[in-house]
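Colleague:
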Amino acid sequence: MKAEVFLPDDYRPADDEEFMNERQVEYFRRKLTDWKHDLLADSRDTIEGLQDNTRNIPDVTDRASEETDRALELRTRDRQRKLVAKIDSALRRIDAGEYGYCEVTGDPISLKRLDARPIATMSLEAQERHERREKVHRDD
């Protein structure tokens, strides 16, 4: 079992530190874990809300509106479910010591990018190249 890493509340990863040192790894692990916890809590709230709202609405327009709201909510939850899977994948990369490195080039992903999108698997440059290739193939 690894020792607990002390992380002050105001800690932010900095470029002048060794990349993916213990503090940075712990910072991103907590960020990902907290994000996952929030998403799962939202999901539970949605499920409870949907169960509470299974009432019979006689007005056709009101019922259609409610069904539209419910469909939108379910689509949102499906996106969040996929996001939780990506968070789990990022946490596995942390455990494997691979987190923070581009899966295409092997280069470090910038701390700014990881802070903004902690599930990132590619450096900004590799992501842009990937998106350009995707766009070219979509236009065919």
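The sequence shown runs 15 to 154 under my numbering.
Every residue, glycine too, gets a C-beta built ideally from N, C-alpha and C.
Just so we're clear, the structure is a prediction, and the values are computed from it rather than from any experiment.
Relative to the C-alpha of T47, which candidate in I133, E142, T60 has its C-alpha closest?
Modeller: Position 33 of the sequence shown holds residue 47. It is I133.
Colleague: List the endpoints of the continuous alpha helix (DSSP H) containing I108.
Modeller: To locate residue 108, count along the sequence shown from 1; it is residue 94. Its alpha helix (DSSP H) spans residues 74-110.
Colleague: Rounded to a whole number of angstroms, what is the C-alpha to C-alpha distance between I108 and V39?
Modeller: Here residue 108 refers to the residue found at position 94 when the sequence shown is read from its first residue. Here residue 39 refers to the residue found at position 25 when the sequence shown is read from its first residue. Taking the straight line from one Cα to the other gives about 7 angstroms.
Colleague: Distance, Cα to Cα, S79 vs F20?
Modeller: Residue mapping note: residue 79 aligns to position 65 of the sequence shown, counting from 1. Residue mapping note: residue 20 aligns to position 6 of the sequence shown, counting from 1. Answer to the nearest angstrom: the Cα atoms are 50 angstroms apart.
Colleague: What three-state label does DSSP hand Y115 in the structure shown?
Modeller: As a first step, residue 115 is located in the sequence shown; it is residue number 101 there, counting from the start. Strand, per DSSP.
Colleague: How many whole angstroms separate the CB atoms of D29 and L125, which I take to be in contact at a CB cut-off of 8 angstroms?
Modeller: The residue given as residue 29 occupies position 15 in the sequence shown. The residue given as residue 125 occupies position 111 in the sequence shown. Contact holds; Cβ gap of about 6 angstroms.
Colleague: To the nearest angstrom, how far is the alpha carbon of L53 from that of T75?
Modeller: Here residue 53 refers to the residue found at position 39 of the sequence shown. Here residue 75 refers to the residue found at position 61 of the sequence shown. Cα-Cα distance, rounded: 31 angstroms.
Colleague: Residue range of the alpha helix (DSSP H) that A130 falls in?
Modeller: Translated into positions along the sequence shown, residue 130 becomes position 116. Its alpha helix (DSSP H) spans residues 125-130.
Colleague: Rounding to the nearest angstrom, what Cα-Cα distance links E145 and E87 in this structure?
Modeller: Taking the first residue of the sequence shown as 1, we reach residue 145 at position 131. Taking the first residue of the sequence shown as 1, we reach residue 87 at position 73. If I take the Cα positions, the gap works out to 28 angstroms.
Colleague: Can you tell me whether A85 is buried or exposed? The criterion is at least 16 other CB atoms within 10 Å of its CB, across all chains shown.
Modeller: Position 71 of the sequence shown holds residue 85. Exposed is the call here.
Colleague: Can you say whether P27 is buried or exposed, counting buried as having 16 or more other CB atoms within 10 angstroms of its CB?
Modeller: On the sequence shown, residue 27 is found 13 positions in, with the first residue counted as 1. With 16 or more Cβ atoms within 10 Å of its Cβ, P27 is classed as buried.
Colleague: Taking its Cβ as the centre, do 16 or more other Cβ atoms sit within 10 Å of A123, making it buried, or is it exposed?
Modeller: Here residue 123 refers to the residue found at position 109 of the sequence shown. According to the sequence displayed, residue 123 carries Ile and not Ala. Burial call: buried.
Colleague: If you drop the 5 nearest sequence neighbours on each side, which residues of the same chain put their C-beta closer than 8 angstroms to that of S137?
Modeller: Taking the first residue of the sequence shown as 1, we reach residue 137 at position 123. Counting only Cβ-Cβ distances below 8 angstroms, and skipping sequence neighbours, we find C116, V118, T119, D121, P122, I123, S124, R127.
Colleague: From the DSSP secondary-structure annotation, give me the bridge partner or partners of P122.
Modeller: For the purposes of this step, residue 122 is taken as the residue at position 108 of the sequence shown. Answer by DSSP bridge pairing, in chain order: Y115.
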